[in-house]
Amino acid sequence: EVLFAQAKEGVAVADMTTLWEKLLSKKRDFDLTGNGVNHPNDFGHRVYAQVLASILLPPQESAGGKTASTTATPVAKAPEVIRLWPDKAPVDATTSEESDAKITVHLPAVPNGTAVVVCPGGGYGGLVTGPEGHGIAEWLNRHGIAGIVLEYRLPKGRSFVPLMDAQRAIRIVRARAGEWKLN
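Start counting the sequence shown at 27; every next residue gets the next number (my numbering).
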């Protein structure tokens, strides 16, 4: 309910919980996940992609007046890498640390004004930036969506540190929205 209260013009909620509950009423969790717990397998990833695409991609009309799928578009330019913290990164109100946290901005050739900050997984032991980061950003680009890949700091017992990096990434994206042709 808290998430749905955030939905408004320009903010969508992908209700994966209800969908997963429905799927799990018909399938075993091991049929949908790679580890039997919480990491989707290829079918689970396809489910996520379909839900996100239905929210992010407008339907397109084909020549015959029927809805057609979105066609691929080339990436406009090489991705831009931006450090999250130009100086030291905050750890708490009084402590900071050196950090290599960054975002890589993948902009589409034909933007539709939408952006997604992608936070790759890795179980807080590492980051899987290839398929779960840049691969997703490139897929988003083919659909006119800017993909912003966040390489956040690992928590090392400080669960709030990755969240601070995610918040900083969102602030940077919002601050540069005009430059990157984002709504």
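C-beta atoms are modelled at their ideal positions from N, C-alpha and C, and glycine is treated no differently. Only a predicted model underlies this, so the values are computations on that prediction, with no experimental measurement involved.
- Item | For residue 176, three-class secondary structure by DSSP | strand
- Item | Segment contact, 8 Å Cβ cut-off, at least three pairs: the segment 134 to 146 with the segment 107 to 119 | no
- Is the segment 168 to 184 in contact with the segment 125 to 135, if contact means three or more CB pairs nearer than 8 Å? yes
- residue 122 bridges to which residues according to DSSP? 116
- Alpha carbon to alpha carbon, what distance is there between residue 160 and residue 134? 13 Å
- From 73, 158 and 145, residue whose alpha carbon lies closest to that of residue 47: 73
- Extent of the continuous beta strand (DSSP E) run through residue 130: 128 to 132
- Task: Note down, in chain order, each residue of its chain lying with its Cβ closer than 8 Å to the Cβ of residue 117, except the 5 sequence neighbours on either side.
- Result: 123, 184 and 187
- Query: Tell me, which residues are paired with residue 34 by DSSP?
  - Reply: 37
- Item | Beta-ladder partner(s) of residue 66, from DSSP | 59
- Please determine, among 164, 103 and 170, the residue with the shortest C-alpha to C-alpha distance to residue 156. 164
- Item | Whether residue 170 touches residue 137 by CB criterion (7 Å) | yes
- DSSP three-state call for residue 202: helix, strand or coil? coil
- Task: Can you check DSSP and say which residues form a bridge with residue 79?
- Result: Answer is none; residue 79 lacks a bridge partner.
- Backbone CA spacing between residue 126 and residue 149 [nearest angstrom]: 19 Å
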